[in-house]
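Written below as structure tokens is the structure these notes are about.
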Amino acid sequence: MSTTTVEDTIETPEVIKTIKSSPATPSYRIEIFTRSDLLKQPFLQELRDVINASYYDTGLSHFEKNGPRLQSDTQLADELQETGFTTIAFAQNAIIGTASLKIWSPDSEGDAWKLPGHFEQFSADEIFSASSTVLDSLDDESQNASCDGGFEIVAVAITPDPRYRKKGIAASLVEACQEELKSRMSPARSSIMLRSIREVQGSYWLKRGFRIVGEQYCPPFTWGYNKGFVLWAMERELSV
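Using numbering that gives the first Met the number 0, the first residue of the sequence shown is number 0, and each one after it goes up by one.
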């Protein structure tokens, strides 16, 4: 897949779109905001709080997060740049979830991607503690993977409220991002990317049609997590 350029990026949506939920799920609506739309909204702090609360909740994993995902109310908009957009799920005018889409930057974390499965040779303790065997393996350039892509799903978050967890809302938000992208892209772009911590949400995204195209090692305290972890670059074909 060729690298995305400024000239062929997403056109800025002119209106906010509303999508109704299905009768089988809790009553909520999804609205789509461009970066400029988002910066005009009065709920930026609420959105930030929902994202940070979701990222602090690492479920049954061995991870603890010691720092927020977003440091400021405008950080998400800054990450989206001019061409990204955000989908937000509202229930009774309260934010219950969100997902955003932006241009994929494969090298944004600084380290090379490794071929899928590269870190399976190491134990959990070696991964968690950043052992020398794990770090030495990063020098093996023969195991490097190319993770080119066009666009990336980021900041997927659901409020840690049992009324809204495991109800398919995150999947609906990602689908809304996908549909908005499809309405604004050329047919040549046929997939979307995301990054997922293998031990936290990796299996969730595998079940939703994403495949692993690269792995990256992140030592302890990356993104505020107390342990080292394997980050997956994942890709899913856009449905027709």
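Backbone N, C-alpha and C fix where the C-beta goes; we use that ideal spot for every residue, glycine too.
Who does I157 pair with in a DSSP beta bridge? G96
Please report the distance separating the alpha-carbon of E236 from that of I191. 7 angstroms
Cβ pair A144, I50 closer than 9 angstroms: no
Who are the near neighbours of I94 in its chain, counting only those whose CB is closer than 8 angstroms to its CB and skipping five residues on each side? F42, E45, L46, V49, I87, A88 and T158
Continuous alpha helix (DSSP H) stretch holding Q177: start and end: I168 to K181
Can you check whether the CB of G223 is closer than 9 angstroms to the CB of P67? yes
Locate the alpha helix (DSSP H) running through R47, then write down its first and last residues. L43 to Y55
Considering only C-alpha positions, which residue in the set S35, A175, G58 and S130 is nearest to R164? G58
Residue interval of the alpha helix (DSSP H) (run including Q74): Q74 to L79
Going by CA-CA distance only, name the one from S104, S136 and Y54 that's closest to M233. S104
Where P161 and W204 are concerned, what is the direct C-alpha to C-alpha distance, given to the nearest angstrom? 20 angstroms
I think G201 touches W112, with their Cβ atoms under 8 angstroms apart; what is that distance to the nearest whole Å? G201 to W112, Cβ: 15 angstroms. No contact.
May I have the straight-line CA-CA distance separating Q40 from Q80, to the nearest angstrom? 17 angstroms
Within 10 angstroms of the Cβ of R34, are there 16 or more other Cβ atoms? Answer buried if so, exposed if not. buried
Could you tell me the alpha carbon to alpha carbon distance between T82 and V153, rounded to whole angstroms? 14 angstroms
Relative to the C-alpha of D139, which residue among L172, D110, F127 and E151 is closest? D110
Opposite A150 in the DSSP bridges: which residues? It should be pointed out that residue 150 corresponds to Phe in this sequence rather than to Ala. According to DSSP, which records beta bridges pairwise, F150 is partnered with I102.
On the three-state DSSP scale, how would you describe S245? Nothing about residue 245 can be reported from this structure: the residues present for the chain run from 0 to 239 only.
List the residues that DSSP assigns as beta-bridge partners of T33. F84
Given a threshold of 16 other Cβ atoms within 10 Å of its Cβ, counted over all protein chains shown, does K101 qualify as buried or as exposed? buried
Nearest by alpha-carbon distance to N65: which of L230, N225 and V229 is it? N225
Endpoints, the alpha helix (DSSP H) within which A123 is located: A123 to S128
Can you tell me which of the three DSSP states F228 falls into? strand
With H, G and I counted as helix, E and B as strand and the rest as coil, what does DSSP make of L193? strand
Among D56, A76, F32 and S99, nearest to R194 - alpha-carbon criterion: S99
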